[in-house]
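A quick write-up on the structure given underneath.
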Amino acid sequence: IDIVSKIGIPMILGSVCIGFIVLLVQSVEGEKEASAARQAKLALDIANKTLPLFRHVNSESLRQVCDIIRRDINADAVAITTTDRVLAYVGFGESNYHDSDNDISPTTRQAIESGKIIIKNNDEAYRTPEIHSMLVIPLREKGVVTGTLKIYYCHAHRITSSLQEMAVGLSQIISTQLEVSRAEQLREMANKAELRALQSKINPHFLFNALNAISSSIRMNPDTARQLIFNLSRYLRYNIELKDDEQIDIKRELYQIKDYIAIEQARFGDKLTVIYDIDDEVSCVIPSLLIQPLVENAIVHGIQPCKGKGVVTLGINECGNRVRIS
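Reading the sequence shown from the start, the letters are residues 770 to 1095 in the working numbering.
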């Protein structure tokens, strides 16, 4: 009994202490999980806010991205760079960056060359003397470093592990969005290049055939020749006056198509019949010279090889809130 009375209180106290330690460990782990959840939510919120800005990437849209990040994580400045220059810088020390002095810093170059995150968490002075903490995270596209995301603070020791983890996740989102944006820009450029190629292919062959048709009509049917010259001159003027990527009212485009068809009918004679199935009230804008390749293909691949007569039907009809061209 004497032994029990002597060790009873220490045993009870020991059990209580163990219980407190377990609770403390659980509390710490719970706080870590809660912190991770908060950082993940913050990164997701920033991603949702910045997503629309990556549809058309330029210096202004990247400035807005940097500003959103700066405000949401309470940073003093945020920047996005390529591998050789600063694309956007927002926040404290912004006046130090201008068009003639946008080269990246040695620290940024180190992060790009090594492909590793760099943390400056001390009182060293940077390009902006008031900045004393900096986080530089490489941005990657298909595994290749293409730039960096940089986060700055005026006070030392502001780069915590949780901030670093959140920033890494954010940099991955930015990298993905930049890659998607670049792919979309390349797709648009390819489409424009294809359209320009189609447009450039039309004129030489068509002009040669048109001149032959006019030449054949001059002696036999001068009135027809005069009308063809009028059609050709209006057709050429339309093409010459077009600007790159110009959107044209579909009714204006139809004048050009009818001039084109008039010349082709003079060339093929009664072998070619064209039927117009066009809604009177149709109204929309389309890329210039969109319809002609369709008509030309129908004539070249449908009428020209045909031994007999052929019919081309051009249909432009409203279908709900869309216009169907066939």
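Glycine included, every Cβ here is placed at the ideal spot set by N, Cα and C.
query, result
"Kindly confirm or deny that the stretch 918-925 and the stretch 835-846 touch, where touching means at least three C-beta pairs closer than 8 Å.", "yes"
"For His-901, does the count of other Cβ atoms within 10 angstroms reach 16, so buried, or fall short, so exposed?", "buried"
"First and last residue of the alpha helix (DSSP H) that includes Ser-883?", "875-883"
"Could you name the residues that DSSP lists as bridge partners for Thr-1042?", "Val-1080"
"Identify, in the order they occur along the chain, each residue of the same chain with its Cβ nearer than 8 Å to the Cβ of Val-859, setting aside the five sequence neighbours on each side.", "Arg-832, Cys-835, Asp-836, Arg-839, Ala-846, Val-847 and Ala-848"
"State the start and end residues of the unbroken alpha helix (DSSP H) segment that holds Val-1100.", "Nothing in the structure corresponds to residue 1100, since the chain is present only between 770 and 1095."
"Spell out the partners DSSP gives Leu-904 in its beta bridges.", "Ile-888 and Ile-920"
"Where do the N-terminal and C-terminal ends of the beta strand (DSSP E) with Thr-850 fall, by residue?", "846-850"
"Less than 8 Å between the CB atoms is what I'm expecting for Ala-873 and Ile-886, so what's the real figure, rounded?", "The identity of residue 873 in the sequence shown is Ile, whereas the question assumes Ala. In fact, because the Cβ distance is near 16 Å, the residues do not count as touching under 8 Å."
"Can you tell me where the beta strand (DSSP E) holding Arg-1093 begins and where it ends?", "1091-1094"
"Could you check what DSSP says for Asn-1086 in three-state terms: helix, strand or coil?", "strand"
"Determine the extent of the beta strand (DSSP E) in which Leu-856 is found, giving its start and end residues.", "855-860"
"DSSP three-state label for Thr-929, please.", "coil"
"Consult DSSP for Gln-1016 and reduce its assignment to one of helix, strand or coil.", "strand"
"Alpha carbon to alpha carbon, what distance is there between Ala-1031 and Val-1043?", "10 Å"
"Are the beta-carbon atoms of Thr-993 and Asp-1046 separated by less than 8 Å?", "no"
"Three or more beta-carbon pairs under 8 Å between the stretch 1056-1069 and the stretch 1021-1028, yes or no?", "yes"
"Candidates Ile-1068, Glu-1087, Ile-1085 and Asn-1086: which alpha carbon is nearest Lys-1078's?", "Ile-1068"
"DSSP has Pro-1056 in a bridge; who is on the other side?", "Gln-1016"
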